[in-house]
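Enquirer:
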Amino acid sequence: MADDLQQPVAAWAAENSAMERFETEAMPHLNDIFRTATRILGDRARAEDVAQEVYLQAWKSFERFEPGTNCRAWLFKILFHCVNHHRRKWFRFPLLKETEEFLEANLTQPEPIPEHLTDASILAALDRIPADFRAVILMVDVEEFAYKEAAEILSIPIGTVMSRLSRGRKLLREQLSDVAKAYGIGTIAGEGQGA
1 MADDLQQPVA AWAAENSAME RFETEAMPHL NDIFRTATRI LGDRARAEDV
51 AQEVYLQAWK SFERFEPGTN CRAWLFKILF HCVNHHRRKW FRFPLLKETE
101 EFLEANLTQP EPIPEHLTDA SILAALDRIP ADFRAVILMV DVEEFAYKEA
151 AEILSIPIGT VMSRLSRGRK LLREQLSDVA KAYGIGTIAG EGQGA
């Protein structure tokens with residue numbers, strides 16, 4: 001009888017220990033995962049779905065996570081896997097409607113020049129660059145992963161990370177150059193070169 005009780009108690013203790021480890025190691029990164037998902041997808045509702053999927057997949061496979069390794073990098077790898085999976089699903093079943101609201105929301109119009117450089121203008125510029133470049137910039141410049149970690153998370157070679165980072169930064173500089181000129185940033189340096 002005592003042996004019959006020890007097995008369920010041991011199983012409960014192991015699960016409780018895994019739950020505590022998950023809570024300690026994985027949950028502190030929830031805001032980072034959600035913020036990055038929102039930046040990549042550009043839609044808060046889809047980002048919420050993807051973030052939930054990331055943590056569901058992480059919980060299901062937490063026994064394969066090696067304690068002492070980088071849990072944050074592991075979660076970001078799951079994030080990019082989930083984002084790619086959801087993108088394929090969404091592109092298979094587009095929900096586009098040619099309504100007036102849809103057209104108003106998606107028609108491009110020249111943006112007014114802001115009086116002050118804000119995080120919103122930087123984020124908007126980031127959103128305008130292609131997704132592959134944006135993902136690398138988010139991993140390396142925003143989330144501060146090393147090139148090697150970013151390569152593992154995104155499942156691409158490290159050379160591709162470096163190339164996309166360089167090209168992505170260039171595109172971001174180009175996106176922000178007009179805003180910078182409006183603030184007089186870069187005009188003095190340009191005048192000094194001509195003399």
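In the working numbering, the protein residues as written are 1 to 195. Note that beta-carbon positions come from the ideal geometry of N, C-alpha and C, so glycine has one too. Quantities reported herein were computed from a predicted structural model and do not represent experimental measurements.
Should GLY68 go down as buried or exposed, given a rule of 16 or more other Cβ atoms within 10 Å for buried?
Expert: Exposed, because fewer than 16 other Cβ atoms sit within 10 Å of the Cβ of GLY68.
Enquirer: For GLU144 and MET27, what's the separation of their Cα atoms in angstroms?
Expert: Taking the straight line from one Cα to the other gives about 19 Å.
Enquirer: Mark GLU66 as exposed unless 16 or more other C-beta atoms lie within 10 angstroms of its C-beta, in which case mark it buried.
Expert: It counts as exposed.
Enquirer: Between which two residues does the alpha helix (DSSP H) holding ASN31 run?
Expert: 30-41 is the extent of the alpha helix (DSSP H) around ASN31.
Enquirer: Taking C-beta to C-beta, are ALA131 and ILE40 nearer than 8 Å?
Expert: A contact, by the Cβ cut-off of 8 Å.
Enquirer: Any contact of the stretch 157-173 with the stretch 127-142, i.e. 3+ C-beta pairs under 8 Å?
Expert: Enough Cβ pairs lie closer than 8 Å, so yes.
Enquirer: Spatial neighbours of ILE33 within its chain, please: C-beta separation below 8 Å, excluding the five flanking residues on both sides.
Expert: Cβ within range, chain order: ALA51, VAL54, TYR55, LEU75, PHE76, LEU79.
Enquirer: Give the straight-line distance between the Cα atoms of ILE122 and LEU176, rounded to the nearest whole angstrom.
Expert: Answer to the nearest angstrom: the Cα atoms are 7 Å apart.
Enquirer: From ASP127 to LEU171, what distance separates their C-alpha atoms?
Expert: C-alpha separation (whole angstroms): 11 Å.
Enquirer: Taking only the alpha-carbon atoms, compute the straight-line gap between VAL140 and CYS82 and give it to the nearest angstrom.
Expert: One C-alpha to the other measures close to 19 Å.
Enquirer: Using only the alpha-carbon positions, how far apart do SER61 and LEU138 sit?
Expert: Their backbone Cα atoms lie some 25 Å apart in a straight line.
Enquirer: Quick test of your reading: ALA73 and ILE156, contact by CB under 8 Å. State the CB separation rounded to the nearest angstrom.
Expert: Their Cβ separation, rounded to whole angstroms, is 14 Å, which puts ALA73 and ILE156 out of contact at 8 Å.
Enquirer: Report the option in ALA45, ARG46, GLY42, PHE22 whose CA atom is closest to the CA atom of GLN57.
Expert: The option with the nearest alpha carbon to GLN57 is PHE22.
Enquirer: Could you tell me the alpha carbon to alpha carbon distance between ASP49 and GLU20, rounded to whole angstroms?
Expert: Taking the straight line from one Cα to the other gives about 24 Å.
Enquirer: List the endpoints of the continuous alpha helix (DSSP H) containing LEU56.
Expert: 44-60 is the extent of the alpha helix (DSSP H) around LEU56.
Enquirer: Taking 8 Å as the cut-off, decide whether the C-beta atoms of ILE129 and TYR147 are in contact.
Expert: Result no, Cβ atoms of ILE129 and TYR147 do not sit closer than 8 Å.
Enquirer: With a threshold of 7 Å on Cβ separation, who are the neighbours of ALA150 within its own chain once the five nearest residues in sequence on each side are excluded?
Expert: Counting only Cβ-Cβ distances below 7 Å, and skipping sequence neighbours, we find VAL136, MET139, VAL140, VAL161.
Enquirer: Quick one: what's got a C-beta closer than 8 Å to ARG44's C-beta in the same chain, skipping five residues either side?
Expert: Closer than 8 Å at Cβ, skipping near neighbours: THR38.
Enquirer: How would you call ALA120, buried or exposed, if buried means at least 16 neighbouring beta carbons within 10 angstroms?
Expert: By the 10 Å Cβ count, ALA120 comes out exposed.
Enquirer: Using three-state DSSP, classify ASN84 as helix, strand or coil.
Expert: Note: ASN84 maps to helix in three-state DSSP.
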